[in-house]
Amino acid sequence: MIETMYTTEEVAEILRVGVKAVYYKIQKGKLTTVREGKRHLIKESVLQAYIVANTPGMITLDEIIKNLIGMEKSDDFKEDVICAFEDYSYLGESYVYVEKQQNGDYTYYTAKVDHVNAPRITIWVEDGYVVNAYVS
1 MIETMYTTEE VAEILRVGVK AVYYKIQKGK LTTVREGKRH LIKESVLQAY
51 IVANTPGMIT LDEIIKNLIG MEKSDDFKED VICAFEDYSY LGESYVYVEK
101 QQNGDYTYYT AKVDHVNAPR ITIWVEDGYV VNAYVS
């Protein structure tokens with residue numbers, strides 16, 4: 001799968017800063033780029049790592065999984081899963097959606113932030129409790 005690449009203008013919009021600020025971050029080595037002629041392109045993974053490293057207090061995927069393991073499957077389970085994401089965001093998106101999935105005899109849930117490339121967490125429930133959750 002080819003990784004999404006962003007122009008400096010797109011990165012500036014995502015970070016809500018000016019293009020000059022993006023070039024400054026590139027110059028200081030805080031954002032690594034791939035050159036395409038005179039253009040600087042930033043890989044999505046590099047941008048996400050920068051956002052995580054520079055967002056104070058943002059919860060990590062591992063912490064979300066810890067929040068999920070052992071959670072009781074209540075009538076408000078989808079809302080509870082959304083709450084487990086706390087302040088997590090992916091490239092500026094923070095809306096979380098949860099879907100119930102069926103695979104043969106198995107029922108499980110997936111949850112992710114509403115971004116096409118955001119990581120998805122698979123959630124397994126047995127006997128009314130979350131017994132496993134992992135990034136898929």
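Sequential numbering of the sequence shown, starting at 1, is according to full-length UniProt numbering.
Note that CB positions come from ideal geometry on N, CA and C, so glycine has one too.
Just so we're clear, the structure is a prediction, and the values are computed from it rather than from any experiment.
Residue burial classification, M71 (beta-carbon count within 10 angstroms, cutoff 16): buried
What is the C-beta distance between L91 and I59, in whole angstroms, given that I count them as a contact (C-beta under 8 Å)? 15 Å between Cβ atoms; not a contact.
Per DSSP, which one or two residues make a beta bridge with K43? Beta-bridge annotation (DSSP): K43 is paired with M5.
Residues in the same chain with beta-carbon distance under 7 Å from T8, minus the five sequence neighbours each way, listed in chain order, please. V19, V22, Y23, H40
Which one or two residues does DSSP pair with K112 in a beta bridge? Y97, R120
Assigned secondary structure, Y24 (DSSP; H/G/I helix, E/B strand, else coil): helix
In three-state DSSP terms, what is V125? strand
Considering only C-alpha positions, which residue in the set M1, D114, F85 is nearest to E63? F85
Cβ-based neighbour list, Y129, same chain, cut-off 8 Å, excluding 5 preceding and 5 following: G70, M71, E72, K73.
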